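Undergrad: Provided herewith is a single structure, encoded as structure tokens, for subsequent inquiry.
Residue numbers (mature numbering (1 follows the signal peptide of the UniProt record, and there is no 0)): -22 to -1, 1 to 355.
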């Protein structure tokens, strides 16, 4: 089983280490001396200095060396971090069996980060096992781990390994969201938005019934009642997205932009739509990269900006996105001129053909026909 690497520990969370312990070279020297004399906690702390590259060049082999010494003396956090290095092949030869053994050993001894790591591995890894994921999430959540609470909530909400219980799932997700977990806040936005859609589709009367004099009053009353319940849900969705967006949650920024575009829980606002779409694109959210590139190329937010469009399409294309590769191919095939940012994209059929080829490999059908056409020219 491939274990998903999750970097959960920062210097400020290290056992026995203060926030800024490595800011003074004297502190590092003291830790090194203690580590050299066989102090297991100091060995772990010294390994973390190299692991994080804190005031020293990052050095995974040295981190592995000190984690090994500490883990050999039973330091649980060192066992977990050594497992991560084996999982990733950093500083040591990649060894999934050894990684699993070390991470499970740490998790069984109550290391919350290891428990969360296992939960994520079993729920999102190649060989999913939701039952095991649930067990590890419950263990981590019982120690107050917010990410575990959120992921346990997802299992209940989606009915994975447990009977579907949206009420319990939502409660766990909301609990994590109220503790500023960005993913949970984004999911709460989705939940509120979806609940609004369900309400909208729940009425006995359809819009066509309004034309029927006998049903008109009943239909209008029901529609008013439904609308009065939907709007607060839309507002809640927007508010949750905004909370996550303000913490640089890229997916939430994209969805908040959509709220401003369509007036979901807020007045339509083109400026704020552009702002949040751009923020999401800068933070690497694929759909935002594509949409923002298309918008600035076509002038949806005012002036056309070829250079900006190319930048974001290239970001998305490097992730293997066929649509972006196709758009770049099309732009290079014909070129772009007279854009307000002063950037002209000269015609380049060699580049165009290569982008069409890559898009076709990534199963974007429109690109395949373009690639064949250019091959026959």
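Ideal Cβ placement from N, Cα and C applies to all residues, glycine included. Note that this is a predicted model, so its numbers are computed, not measured.
Is residue -2 helix, strand or coil when you go by DSSP?
TA: Counted from its first residue, the chain shown places residue -2 at position 21. Because the pLDDT at residue -2 is just 40, under 50, the model does not fix this residue reliably, and the value given afterwards should be weighed accordingly. Three-state result, residue -2: coil.
Undergrad: Determine the closest residue to residue 243 out of 140, 112, 205, with distance taken between C-alpha atoms.
TA: Translated into positions along the chain shown, residue 243 becomes position 265. Residue 205 is the option with its Cα nearest to residue 243.
Undergrad: Counting only runs that start and end within the region 5 to 52, where is the alpha helix (DSSP H) found for 4 or more residues in a row?
TA: Here the runs fully enclosed are 18 to 30, 38 to 50.
Undergrad: Check the DSSP bridge columns for residue 323 and list the partner residues they point to.
TA: The residue you call residue 323 lines up with position 345 of the chain shown. Note: residue 323 sits in a beta bridge opposite 314.
Undergrad: Could you check what DSSP says for residue 139 in three-state terms: helix, strand or coil?
TA: Against the chain shown, residue 139 aligns to sequence position 161. The answer is coil: DSSP assigns residue 139 none of H, G, I, E or B.
Undergrad: Rank 174, 175, 150 by C-alpha distance to the C-alpha of residue 163 and give the top, closest one.
TA: The count along the chain shown starts at 1 and reaches residue 163 at position 185. Ranking 174, 175, 150 by Cα distance to residue 163 puts 150 first.
Undergrad: With a threshold of 8 Å, are at least 3 pairs of Cβ atoms found where one atom belongs to the region 193 to 203 and the other to the region 135 to 145?
TA: Result no; under three Cβ-Cβ pairs closer than 8 Å.
Undergrad: By DSSP, does residue 348 sit in helix, in strand, or in coil?
TA: Numbered from 1 along the chain shown, position 370 holds the residue referred to as residue 348. Helix, per DSSP.
Undergrad: Let me know the secondary structure DSSP gives residue 221 once reduced to three states.
TA: Mapped onto the chain shown, residue 221 falls at position 243. The answer is helix: DSSP assigns residue 221 an H, G or I state.
Undergrad: Select from 62, 174, 313 the residue whose C-alpha is nearest the C-alpha of residue 209.
TA: Translated into the one-based positions of the chain shown, residue 209 becomes position 231. The shortest C-alpha separation from residue 209 is found at 174.
Undergrad: Looking at the structure shown, is residue 89 part of a helix, part of a strand, or coil, going by DSSP?
TA: To locate residue 89, count along the chain shown from 1; it is residue 111. Coil at residue 89, not helix or strand.
Undergrad: Hey, how far is the Cα of residue 122 from the Cα of residue 240?
TA: Stepping through the chain shown from its first residue, residue 122 is reached at position 144. Stepping through the chain shown from its first residue, residue 240 is reached at position 262. In a straight line, the C-alpha of residue 122 is about 38 Å away from that of residue 240.
Undergrad: Quick one: Cα of residue 272 to Cα of residue 285, how far?
TA: Your numbering for residue 272 matches position 294 in the chain shown. Your numbering for residue 285 matches position 307 in the chain shown. C-alpha separation (whole angstroms): 12 Å.
Undergrad: Below 8 Å on the Cβ atoms is my guess for residue 267 versus residue 293; work out the distance and round it to an integer in Å.
TA: In the chain shown, residue 267 corresponds to position 289, counting from 1. In the chain shown, residue 293 corresponds to position 315, counting from 1. Going by Cβ atoms, the distance from residue 267 to residue 293 rounds to 5 Å, so yes, they are a contact pair.
Undergrad: How close, in whole Å, do the beta carbons of residue 130 and residue 102 come, if the pair is a contact with beta carbons under 8 Å?
TA: Locating residue 130 in the chain shown gives position 152, where the first residue counts as 1. Locating residue 102 in the chain shown gives position 124, where the first residue counts as 1. With a Cβ gap of about 14 Å, residue 130 and residue 102 do not count as contacting.
Undergrad: Can you give the Cα-Cα distance for residue 274 and residue 315, rounded to whole angstroms?
TA: Residue 274 sits at position 296 when you count from the first residue of the chain shown. Residue 315 sits at position 337 when you count from the first residue of the chain shown. About 14 Å.
Undergrad: Under 7 Å from any heavy atom of the ligand FAD, does the C-beta of residue 50 make it?
TA: Here there are no bound small molecules, and the ligand FAD is not part of this structure.
Undergrad: Hey, residue 118 and residue 97: beta-carbon distance below 8 Å or not?
TA: For the purposes of this step, residue 118 is taken as residue 140 along the chain shown, with counting starting at 1. For the purposes of this step, residue 97 is taken as residue 119 along the chain shown, with counting starting at 1. Yes. Within cutoff.
Undergrad: Mind checking which residues open and close the alpha helix (DSSP H) that includes residue 103?
TA: Residue mapping note: residue 103 aligns to position 125 of the chain shown, counting from 1. Where residue 103 is concerned, there is no enclosing alpha helix (DSSP H), given that its DSSP letter is neither H nor E.
Undergrad: Between residue 352 and residue 327, which are expected to be in contact by the criterion C-beta below 8 Å, what is the C-beta distance as a whole number of angstroms?
TA: Within the chain shown, residue 352 is the residue found at index 374, counting from 1. Within the chain shown, residue 327 is the residue found at index 349, counting from 1. Contact holds; Cβ gap of about 7 Å.
Undergrad: Under the three-state reduction of DSSP, which class applies to residue 157: helix, strand or coil?
TA: Here residue 157 is taken as the residue at index 179 of the chain shown, counted from 1. Residue state, collapsed to three classes: coil.
Undergrad: Answer with yes or no whether the minimum CB distance from residue 100 to chain C is below 8 Å.
TA: Of the protein chains in the structure, only one exists, and it is not chain C.
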